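Residue numbers (my numbering): 20 to 318. Glycine is no exception: its CB is placed at the ideal position from the N, C-alpha and C atoms. Model, not experiment: these values are computed from the prediction.
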């Protein structure tokens, strides 16, 4: 597995620049899947990404803010691309429906239909983006998604602060956009929330603990990618301490580990130690590492 992460500040070609940076970090591998997240809606983000990466599977959407090593970005693009290891699979789905539950069911069916050779319950990690005009929560998506995907596909769903999602075919506006990696990759999730009105210092410590938890779930394998999905409510509570939170997250990782994130209105997740719950000021950290075979092949 090879992973490339790139981000670029505002401008009409931000997605193109971010995708070019991400592609340059794949060590010559051909990408199979890309996450594209923009701060403020972009023009034709999918066309820009594919102009650099080829006819690649794309999922993502528009967020109010991107989280990067250069600080929060109110305008720009974040692109993560993945070249699968041997024996691994990836899948995306952008589906509509009367609500997030219906869209989640449709997305799960669509992804599974592309994996006829997979077991009943695939394993791996999923990242879902919900449309902001959905009246229900990320939990509703996870409930129906998990009914089909089972317990081994660790999944994070964030409802964005924008109705713009990427990955659709243009025939209808999707209600949800999902990307999945299916393989024996090491995956870990960490969770923090603002239950009990914690201080900003406690929120910063909570983010560091969530990151450490996610990385520990990799069972000693190095993190190849870390993603942070944070609610806008938590970010607002932090105020000027938002940069301290990012530094605390970064402090749990190797300097070379690709790390990026985005803000959402609502987030929920499930998988190995993280249960889907509704809580104020939530943050989810996702860590991905090599599978045992992939690790040995890298030497």
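For residue i, the residue or residues it bridges with in DSSP
i, result
"residue 24", "99"
"residue 210", "303"
"residue 146", "175 and 198"
"residue 185", "79"
"residue 281", "85 and 248"
"residue 92", "85"
"residue 289", "174"
"residue 34", "For residue 34, which the question treats as bridged, DSSP gives no partner whatsoever."
"residue 111", "198"
Proximal residues to residue i (C-beta, below 8 angstroms), its chain only, five neighbours per side dropped
i, result
"residue 272", "230, 234, 242, 245 and 278"
"residue 166", "124 and 127"
"residue 26", "37, 40, 85, 87, 89, 92, 95, 96, 97, 98 and 279"
"residue 151", "178, 179, 180, 181, 182 and 284"
"residue 22", "44, 45, 99, 100, 101, 102, 243, 244, 277 and 307"
Beta-carbon contacts of residue i that lie in its chain and below 7 angstroms, excluding the five residues immediately before and after
i, result
"residue 112", "126, 129, 130 and 197"
"residue 252", "299 and 300"
"residue 214", "298 and 299"
Inter-residue Cα distance where the pair is residue i and residue j
i, j, result
"residue 50", "residue 69", "11 angstroms"
"residue 172", "residue 204", "11 angstroms"
"residue 256", "residue 105", "43 angstroms"
"residue 239", "residue 276", "15 angstroms"
"residue 303", "residue 186", "23 angstroms"
"residue 20", "residue 143", "13 angstroms"
"residue 52", "residue 224", "33 angstroms"
"residue 81", "residue 310", "31 angstroms"
"residue 114", "residue 148", "11 angstroms"
"residue 258", "residue 133", "43 angstroms"
"residue 219", "residue 261", "9 angstroms"
"residue 145", "residue 170", "12 angstroms"
"residue 32", "residue 60", "12 angstroms"
"residue 135", "residue 28", "40 angstroms"
"residue 161", "residue 305", "16 angstroms"
Inter-residue CB distance, residue i and residue j (contact presumed, cutoff 8 angstroms)
i, j, result
"residue 175", "residue 248", "6 angstroms"
"residue 282", "residue 250", "7 angstroms"
"residue 184", "residue 193", "5 angstroms"
"residue 54", "residue 79", "5 angstroms"
Sequence-distant residues of the same chain with beta carbon closer than 6 angstroms to residue i, five excluded per side
i, result
"residue 288", "175, 208 and 303"
"residue 24", "41, 99, 277 and 279"
"residue 65", "77 and 185"
"residue 107", "202"
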